[in-house]
Structures are given as structure tokens and as C-alpha cells.
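A short worksheet on the structure shown next.
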Amino acid sequence: MAVFEALLELADDHLILGHRVSEWCGHAPMLEEDLALPNMGLDLIGTARTLYDHAGKLEGKGQTEDDLAYLRGEREYRNCLLVERPNEDFAHTMLRQFYFAAFMRPYWLAALGSTDDVVRGVAGKAEKEMAYHIRHAGEWLIRMGDGTGESAARMHDAVDALHIYVDELFDSSEVAQQAEAAGILPVRGDVRAAWDKTVAEVFAEALLEQPQASFAQRGGRQGIHNETLGHLLAEMQVVHRAHPGARW
Amino acid sequence: MTATTPLWEVFIRPRNGLAHKHVGSLHAADEVMALQSARDVYTRRGEGNSIWVVPSAAITASDPDQTAENFEPTADKIYRHPTFYDIPDEVGHM
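Laid out in C-alpha cells, this is it:
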């Protein structure tokens, strides 16, 4: 079922990035960020939950949000590769967040016109959250890029490492194309101009340059992931798999 | 850390019409980051709709050694409390 799978792609992006961001909890460089990062992670996980729940109901086979999050292996996950990239340092983490939010904000704004009630509801809430993620991560990019020698070097490393994962954001898989044709989800490629503008504005202040992408890494939407996703899922799913059906 | 991220005092206004109230402090590199951190640290449970941040260094505080001379003289001036009036019902909560 195309719409079910298209919603899973979207939900997986949010759950995986939300989990990645949550890995900073207790390890952030300062207390203020130790609260800010889980805040952002919870925004993403909240969106994922609503989308999983909705996808499961549309599919009509009784799959709950927990089934979808905890009982699928890495080849069944359909998230784009950007969101599974490891946290590395603060520069990588903030750039990944910035790239994703700069994509999702215009995407959700476009989704306010969706033919699907739940998607419209999610969009109304998530576009505000993404606006804040852009601002929060963007201000860090500016301070690190235009900061000390070391912070600028780390920022440049992050740009070099992550830019090959950008183009995949704008690809619509076959199932996504069907959901787009039905007016349920926005066309991913259509938000490129808004993304470029957001990135260009912050990069100018951060003294960073977008490298010319000679090569783009793809595969997430087909379930072809980097090995890091398996480790992430192992940690995220271990409790649920060890104690099936356990409740708080 | 305090050299690059000095201390800021955070004030939150819980609702329109109320005053900003001091809620705590935080470390941040500048005023923009201080506002963002204040939002992240102090408004997670819907505490307010407006934030002020002020550099802690900009606050001039009363001297604890002068507490007695500052504040004790008011203790016996009960006539300054408006408890000798009957407030008409129409006035409502004051």
C-alpha cells in the first residue's frame, strides 16, 4: 500500500533523527544544550508517533506505532541516509539538524494543503517546531563557522562529510510519488528552492560554502543503509525485543 | 567556560497582562543564544509567552550587610497596608 509506505518513510526520518539527537542526553557540552537537544529529539519523535499510528490505521492490519518502530529490521527502515549519520561532534550534529529542518519546514508548510486530515494536523504543529530547529541549529552554525580556528575547522569537516547526503532528501520514491499524486504529501523536489535559500543565508553568516556535489549517496528509501543504522536500531529496540509487550 | 559563556538572568511572563518574573539563570555566549537557551530550559512546560534575558553582571544588588537597615524599619508600619478599607464588591480582586 503506497500511502502506508510513504508515511513510513516520513515517520522513519523523524524517529531515526529523534533517536540520534536523544543520544546527546547527558553528554551535551553544556547543561543548556543538554536540555535543548532532547527537546528537539522529542519534537521529532512526537511527529514520528503520530505518523506511525496513522500509517498503521490506514494499512488496516492492526500494526501499532510500537510494532512499526520496534519490530522492523534495518532493511525495512525507509529513512533517508542523512538522519542516520552518527552524531560525531557538535558541528556534525547541528549541521545534520539544520539540513533536515531546512527541508522539513517548507515541506510541512506545503503539507498544510494536504488532502489528509492527520497530515494537515501534523504539519500545523511540526512547521513551528522545524522553524525553531532551523533557528537553534543555524545560530550554532554561525557561531562555530565564524568562531575559533578549531570550531571553523570542525564546521568545514561536517559540511564536507554531510553534503553527499543532501540530494537524497529531494528524491521521491515510487510510493512517495503516489502519495504526492493523491495530494496527501507534498512533492519533495518542490522544496529545494526554499532549502537552498535557508542554507545560503546561514552559510553566508557562518562563512561556510556549499561544496559542489559531484556525487550523491542514496539508498535509504530502498532500505539500503549505512552500517550505523543497525547499531542504532539494536540499541533502540533491545528492550522491546527482550520483553515483548512489556508496559510501564 | 564563564569567560566565553557568561551568566544571564532569565525572566518569563506567564500570561499577557502579568509582569515578567525571574525564573533562574543560564550560561550563554551572547544575547541571541541566551534567549534560545532560556526558551529551551525554562519554557518546556508552557510556562510563558515572553522571555527577557539580562546579563547577570548588569544587575546591581542590595548589600546583604545592609539588610537590617534597609528592610527592618518597615516592619512596624502596618498603616501602610491597606487593610483599613472596605473594598466594594464591584472592584473585584485587588
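Sequence lines, in order, name chains W and H. Going by my numbering, the residue at position 56 of the first sequence is 56; the numbering climbs one at a time, nothing skipped. Going by my numbering, the residue at position 33 of the second sequence is 1033; the numbering climbs one at a time, nothing skipped. All C-beta atoms in this analysis are idealised placements derived from N, C-alpha and C, irrespective of residue type, glycine included.
Would a C-beta distance cut-off of 8 Å place residue i and residue j closer than the cut-off?
i: residue 82 of chain W; j: residue 162 of chain W; result: yes
i: residue 48 of chain W; j: residue 91 of chain W; result: no
i: residue 142 of chain W; j: residue 199 of chain W; result: no
i: residue 25 of chain W; j: residue 37 of chain W; result: yes
i: residue 1041 of chain H; j: residue 1008 of chain H; result: no
i: residue 1088 of chain H; j: residue 1048 of chain H; result: no
Using a beta-carbon distance below 8 Å, is residue i in contact with chain W?
i: residue 1050 of chain H; result: no
i: residue 1053 of chain H; result: no
i: residue 1026 of chain H; result: yes
i: residue 1037 of chain H; result: yes
i: residue 1076 of chain H; result: no
i: residue 1045 of chain H; result: no
i: residue 955 of chain H; result: Any property of residue 955 of chain H remains undetermined from this structure, which presents chain H solely from 1001 to 1094.
i: residue 1041 of chain H; result: yes
i: residue 1010 of chain H; result: no
i: residue 1023 of chain H; result: no
Run through the DSSP bridge pairs and tell me what residue i is partnered with.
i: residue 1050 of chain H; result: H:1013
i: residue 136 of chain W; result: Partner(s): none; residue 136 of chain W has no beta bridge.
i: residue 1146 of chain H; result: Because chain H in this structure spans residues 1001 to 1094, residue 1146 of chain H falls outside the shown range and cannot be described.
i: residue 1055 of chain H; result: H:1008
i: residue 1027 of chain H; result: H:1007
Identify, in the order they occur along the chain, each residue of the same chain with its Cβ nearer than 8 Å to the Cβ of residue i, setting aside the five sequence neighbours on each side.
i: residue 217 of chain W; result: 81, 164, 165, 168
Starting from the C-beta of residue i, find all residues in its chain whose C-beta is less than 6 Å away, skip the five residues before and the five after it, and write them out in chain order.
i: residue 158 of chain W; result: 91, 92, 95
i: residue 55 of chain W; result: 4, 7, 8
i: residue 1005 of chain H; result: 1027, 1028, 1029
i: residue 170 of chain W; result: 188, 189, 192
By Cβ distance, which residues of its chain are closer than 7 Å to residue i, with the 5 residues on each side in sequence left out?
i: residue 74 of chain W; result: 225, 229, 230, 233
i: residue 176 of chain W; result: 6, 9, 185, 188
i: residue 1031 of chain H; result: 1053
Quick one: does residue i have its CB under 8 Å from some CB of chain H?
i: residue 35 of chain W; result: yes
i: residue 87 of chain W; result: no
i: residue 143 of chain W; result: yes
i: residue 139 of chain W; result: yes
i: residue 94 of chain W; result: no
i: residue 205 of chain W; result: no
i: residue 155 of chain W; result: no
i: residue 9 of chain W; result: no
i: residue 150 of chain W; result: no
Closer than 7 Å to a non-hydrogen atom of the ligand PLP - does that hold for the CB of residue i?
i: residue 1041 of chain H; result: Inclusion of the ligand PLP in the displayed structure is not the case, the ligand content being empty and no account of it being possible.
Output, in sequence order along the chain, the residues in the segment 110 to 136 of chain W whose CB is closer than 9 Å to any CB in chain H. 132, 135, 136
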